[in-house]
Amino acid sequence: MKTPLQIGVTGGIGAGKSIVCRLFQALGIPVYQADERAKWLTEHDPILKADIIRVLGPNAYDATGHYNRAWVASQVFTDPALLTQLNAVIHPRVMSDTDAWVNEHSDKPYVLKEAALMKAAGDNNSLDKVIVVQAPLSLRVERIRQRDPHRSEAEIRNIIDRQISDDDRLQLANYVIDNDETQLLIPQVVTLHHEFLRQSAT
């Protein structure tokens, strides 16, 4: 069975990953949202839930069985070793979920995987190429303020500072989409779409 090309999409908060992914979806390309799926799996995957309780104890879930995200964050925030253990149980479940999802879309020429954190293509992953979506810092801050009016500019810049730098992210890029509002997004996406169709046909 031929598997589709797997293209990663990443970018800092406010760069516009989501809008780029929606444009690819409009072209009929499936998108796997790794961060959203990881959240879903922590709530619904019984194997993962058991593993998380084994690592963190019963407080990881509240009385109704929902993942106690704030409590978990407070535990791992000051304990890097615990965070490593938690990631070690979450990542394999996300990986097998991703593999199953890719197989479901084996009729497609390529699929996209969206994630905030990503390694370069082929760096212990199944990605063939990586797209980095970028935008100037001031524009990203403005977008996040419009989206989350309750966040202060200092808070937003703090989040951005905790993410990997734009330069580090560009090291991963096979392709860059500029979402800086001076260049049209759709032609950039369509150009890459044709490029991936061409690659998948070879």
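Basically my numbering = 1-based index in the sequence shown + 37. Here a beta-carbon is modelled for each residue, glycine too, at the ideal position from N, C-alpha and C.
Cutoff 8 Å: residue i Cβ touching any chain B Cβ
| i | result |
| --- | --- |
| ARG184 | Looking for chain B here will not work: only one protein chain is present. |
Anticipated Cβ contact below 8 Å, residue i with residue j, distance rounded
| i | j | result |
| --- | --- | --- |
| VAL113 | LEU120 | 4 Å |
| LEU93 | LEU123 | 7 Å |
Delimiting residues of the alpha helix (DSSP H) encompassing residue i
| i | result |
| --- | --- |
| GLU266 | The displayed coordinates of the chain run from 38 to 239. Any statement about residue 266 would go beyond what the structure contains. |
| ILE89 | 83-93 |
| ILE50 | Premise fails: ILE50 is in no alpha helix (DSSP H) and is neither H nor E. |
| GLU179 | 174-184 |
Exposure label - residue i; buried when at least 16 CB within 10 Å
| i | result |
| --- | --- |
| LYS39 | exposed |
| ILE127 | buried |
| ILE84 | exposed |
| THR135 | buried |
| ARG235 | exposed |
| LEU221 | exposed |
Span separating the alpha-carbon of residue i from that of residue j
| i | j | result |
| --- | --- | --- |
| ILE193 | ALA238 | 42 Å |
| ASN195 | ASP144 | 42 Å |
| VAL213 | THR228 | 12 Å |
| ALA118 | SER175 | 35 Å |
N-terminal and C-terminal residue of the beta strand (DSSP E) that residue i is part of
| i | result |
| --- | --- |
| GLN171 | 166-171 |
| GLN200 | Note, GLN200: premise wrong, no beta strand (DSSP E); not H, not E. |
Where residue i falls: helix, strand or coil (DSSP)
| i | result |
| --- | --- |
| LYS150 | strand |
| THR121 | helix |
| LEU64 | coil |
| THR115 | coil |
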